[in-house]
Amino acid sequence: MKLGKVEFCHFLQLIALFLCFSGMSQGELSRSGSKPYFQSGRSRTKRSWVWNQFFVLEEYMGSDPLYVGKLHSDVDKGDGSIKYILSGEGASSIFIIDENTGDIHATKRLDREEQAYYTLRAQALDRLTNKPVEPESEFVIKIQDINDNEPKFLDGPYTAGVPEMSPVGVIKTALPNMDREAKDQYLLVIQAKDMVGQNGGLSGTTSVTVTLTDVNDNPPHFPRRSYQYNVPESLPVASVVARIKAADADIGANAEMEYKIVDGDGLGIFKIAVDKDTQEGIITIQKELDFEAKTSYTLRIEAANKDADPRFLSLGPFSDTTTVKIIVEDVDEPPVFSSLLYPMEVSEATQVGNIIGTVAAHDPDSSNSPVRYSIDRNTDLERYFNIDANSGVITTAKSLDRETNAVHNITVLAMESQNPSQVGRGYVAITILDINDNAPEFAMDYETTVCENAQPGQVIQKISAVDKDEPSNGHQFYFSLTTDATNNHNFSLKDNKDNTASILTRRNGFRRQEQSVYYLPIFIVDSGSPSLSSTNTLTIRVCDCDNDGVAQTCNAEAYVLPAGLSTGALIAILACVLTLLVLILLIVTMRRRKKEPLIFDEERDIRENIVRYDDEGGGEEDTEAFDMAALRNLNVIRDTKTRRDVTPEIQFLSRPTLKSIPDNVIFREFIWERLKEADVDPGAPPYDSLQTYAFEGNGSVAESLSSLDSISSNSEQNYDYLSDWGPRFKRLADMYGTGQESLCS
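Take the position in the sequence shown, starting the count at 1, then add 1; the result is the number in the numbering used here.
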């Protein structure tokens, strides 16, 4: 095969490189200068057994072990008497040695980036004696680097930002006026090569994302030159009428807007504000709309950027305007009163049916429908007032009393005749004017006392008066004793001219034994026109007082108490008596509870009485179901009686067993079987309707109660008198008579 000049040169370079590396790996090239070696008992000799380092290429991928180098001792004559041993880092696992020849091989792929060198130790031993013929020598195997790692960017991928319209930067812009609104992001791929970019070098790449940041280089712009919105006239104040928005290609703070109404006929009716989240202009109403007053409004609205960039003002004005027309729609509105509140006054003395005042309402719509009036009776429960349905005139329907209710707040309803669902509300406040129709009286119930040792002219009580009326000039009361009491010798009255009066004593000393209570009639007059008066009685009690004039006791009965028995002792006696009565009451109550039967009260007991028929009989007392021992059959021995206040289930468990003689056994067993079946049958009638049929047996401890067998001669009873009772008792007289004639008849 013919080779060109270029190929031949490359071939020669490869051969030279291979020979170079092969020569560097030989052991003989790794020897160092000889050093002295001392052995005990021997003379000093020269040493040729010191190794410095070997070299081996990384990333060997061959199938055979990689030859590293050769260890050799001058003592080795090549007859196999010397063996070589390798120890240290990677010995036996990575590096192996031929103990006969001293050749070292690498058995695994080596990576310089993981470990750059290995430190090992070599020994030469006599094979027969296993003793060293050379001292242990340490050497290093270095891993030679090859270009097996490409360059890497540590922090990639990268992002960078540059304002739009920027001049050249560090990463140079290729275009002079890049526009973010046209393209806001660019992706760059950057490559890095090692070996200064020569052939055979490796390379690495990373990406750089360049984002153009926004600047305020776009003015706002309304998509339309005019807008129109329809709103009902009933829309409440502060309601949203419309939302408009100017478009801006910028983002963030550069797209923030400000809106304002710059012209139009609705400046005082509407206002506009910006929604910070959506940058919309929100139009709201500030006053109520009235279709009958104005049917439409026109607004001229301007939108402008909040912060303009002076570098781009030359691009045009950073604001825009549009026109908004608002059409007011007619709504059927309820009637409207001419006033929000109608204050009225009326005297409480006015007659029923008198006019108090008038209200007026009208339909605000263009139809001007007639209005009918009524009173909301929830505000006039007592129906004190009436209103004329057509005229709105309010009159009294009942007598008024200012003292009961001084002000009446009523609601008047105005209803459209054509549309009764449209109802307006007016409010009327009717104040009741006062007249002097209430007489004055004591301000309170006075508890007046006078001491037995009172002196003449002593004030014992100060009184005042009240009046339910409220005159405009205030109250003025006049006090005096009635004509009957003017000349009494016990008390006098002094009018203090300040709506109060003082009661004074007129004599020296009072005695409870003579009179314990005095009644003083007092005459009170008000200042009304006409004035009203009343007579009020002041009760005065005579009391025993201490030295300070404080009443101790006011009872006249205190004088008839036994000598030496004080008030405290009397109270103690009464307390003891009361305690004793309470104890007696408790004892009686407890005894009554003990005597109560264990069965339930008839009103609470839902069971019926269970009547038992196992008695001989008790005449009229048979329904009480009590045992009569005298009439009990001795042939029947009953077990312990069960309580009658338990339910039949418990009675069944404790049912007495009957031990009787074997007469009539079949009948008795039949009854018991029926009872057992009823007890366990869930479909049987309730237990409170069952009757107990106990078998009596034959014979009785009292024998027969009939007198049919008493005709024997041993009877002590004489029935001869039956023959005197007439023909109706003849049969009895024949049966019970003792005479010979009665027996033969």
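All C-beta atoms, glycine included, are put in the ideal place defined by N, C-alpha and C.
If you follow the alpha helix (DSSP H) that residue i is part of, which residue opens it and which one closes it?
{"i": "residue 681", "result": "666 to 681"}
{"i": "residue 401", "result": "Careful: residue 401 lies outside any alpha helix (DSSP H) and carries neither H nor E."}
State yes or no: is the C-beta of residue i within less than 7 Å of the C-beta of residue j?
{"i": "residue 302", "j": "residue 241", "result": "no"}
{"i": "residue 285", "j": "residue 277", "result": "no"}
{"i": "residue 507", "j": "residue 457", "result": "yes"}
{"i": "residue 256", "j": "residue 224", "result": "no"}
{"i": "residue 337", "j": "residue 393", "result": "no"}
{"i": "residue 291", "j": "residue 234", "result": "yes"}
{"i": "residue 60", "j": "residue 144", "result": "no"}
{"i": "residue 317", "j": "residue 220", "result": "yes"}
{"i": "residue 102", "j": "residue 66", "result": "no"}
{"i": "residue 532", "j": "residue 500", "result": "no"}
{"i": "residue 545", "j": "residue 554", "result": "yes"}
{"i": "residue 480", "j": "residue 527", "result": "no"}
{"i": "residue 95", "j": "residue 70", "result": "no"}
{"i": "residue 162", "j": "residue 214", "result": "yes"}
{"i": "residue 330", "j": "residue 420", "result": "no"}
{"i": "residue 374", "j": "residue 398", "result": "no"}
{"i": "residue 541", "j": "residue 451", "result": "yes"}
Rounded to whole angstroms, how far is the Cβ of residue i from the Cβ of residue j, which I believe are closer than 8 Å?
{"i": "residue 415", "j": "residue 362", "result": "4 Å"}
{"i": "residue 164", "j": "residue 203", "result": "Actually they do not touch by this definition, with Cβ atoms about 37 Å apart."}
{"i": "residue 122", "j": "residue 84", "result": "So it is not a contact: roughly 15 Å between Cβ atoms."}
{"i": "residue 534", "j": "residue 525", "result": "6 Å"}
{"i": "residue 505", "j": "residue 578", "result": "At roughly 43 Å, the Cβ-Cβ gap does not stay under 8 Å, so residue 505 and residue 578 are not in contact."}
{"i": "residue 753", "j": "residue 206", "result": "An answer regarding residue 753 cannot be provided, because it is not within the stretch 2 to 746 covered by the chain."}
Per DSSP, what kind of secondary structure is residue i in: helix, strand or coil?
{"i": "residue 74", "result": "coil"}
{"i": "residue 571", "result": "helix"}
{"i": "residue 711", "result": "The pLDDT assigned to residue 711 is 48, lower than 50, so where the model puts this residue is not dependable, and the model offers no usable value."}
{"i": "residue 408", "result": "strand"}
{"i": "residue 588", "result": "helix"}
{"i": "residue 501", "result": "strand"}
{"i": "residue 731", "result": "helix"}
{"i": "residue 158", "result": "coil"}
{"i": "residue 335", "result": "coil"}
{"i": "residue 646", "result": "For residue 646, the predicted structure reports a pLDDT of 43, less than 50, and the residue's modelled location is therefore unreliable. The matter cannot be settled from this model."}
{"i": "residue 312", "result": "helix"}
{"i": "residue 379", "result": "helix"}
{"i": "residue 485", "result": "helix"}
{"i": "residue 725", "result": "helix"}
{"i": "residue 455", "result": "coil"}
{"i": "residue 254", "result": "helix"}
{"i": "residue 737", "result": "helix"}
{"i": "residue 444", "result": "coil"}
{"i": "residue 450", "result": "strand"}
{"i": "residue 744", "result": "Its pLDDT being 38, under 50, residue 744 is placed unreliably by the model, and nothing is read from it."}
{"i": "residue 102", "result": "coil"}
{"i": "residue 236", "result": "coil"}
{"i": "residue 640", "result": "Because residue 640 sits at a pLDDT of 47, beneath the cut-off of 50, its placement in the model cannot be relied upon, and the following sentence gives the value as read from the coordinates. Note: residue 640 maps to coil in three-state DSSP."}
{"i": "residue 359", "result": "strand"}
Taking the continuous beta strand (DSSP E) assigned at residue i, which residues delimit it?
{"i": "residue 258", "result": "258 to 265"}
{"i": "residue 720", "result": "Segment: none, residue 720 is in no beta strand (DSSP E) and carries neither H nor E."}
{"i": "residue 289", "result": "That residue, residue 289, is in no beta strand (DSSP E); it is neither H nor E in DSSP."}
{"i": "residue 128", "result": "Segment: none, residue 128 is in no beta strand (DSSP E) and carries neither H nor E."}
{"i": "residue 231", "result": "227 to 233"}
{"i": "residue 274", "result": "271 to 276"}
{"i": "residue 522", "result": "518 to 526"}
{"i": "residue 540", "result": "534 to 546"}
{"i": "residue 88", "result": "83 to 89"}
{"i": "residue 330", "result": "320 to 330"}
{"i": "residue 748", "result": "With the chain represented from 2 up to 746, any question about residue 748 goes unanswered, as that position is not in the structure."}
{"i": "residue 393", "result": "Element bounds for residue 393: n/a, residue is neither H nor E."}
{"i": "residue 153", "result": "Looking at the DSSP string, residue 153 is not in any beta strand (DSSP E), and its letter there is neither H nor E."}
{"i": "residue 346", "result": "342 to 348"}
{"i": "residue 385", "result": "First-last for residue 385: undefined, no H or E at that position."}
{"i": "residue 139", "result": "138 to 145"}
{"i": "residue 492", "result": "492 to 496"}
{"i": "residue 244", "result": "241 to 245"}
{"i": "residue 433", "result": "424 to 434"}
{"i": "residue 469", "result": "No beta strand (DSSP E) contains residue 469, which DSSP labels as neither H nor E."}
{"i": "residue 57", "result": "54 to 58"}
> Per the contact definition of three or more C-beta pairs closer than 8 Å, is the stretch 363 to 383 in contact with the stretch 464 to 477?
Replying inline: With fewer than three CB-CB distances shorter than 8 Å, the stretch 464 to 477 does not count as touching the stretch 363 to 383.
> So does the stretch 432 to 443 actually touch the stretch 481 to 497, counting three or more Cβ pairs closer than 8 Å?
Replying inline: As far as the Cβ criterion goes, the stretch 432 to 443 does not touch the stretch 481 to 497, which means the pair count is below three.
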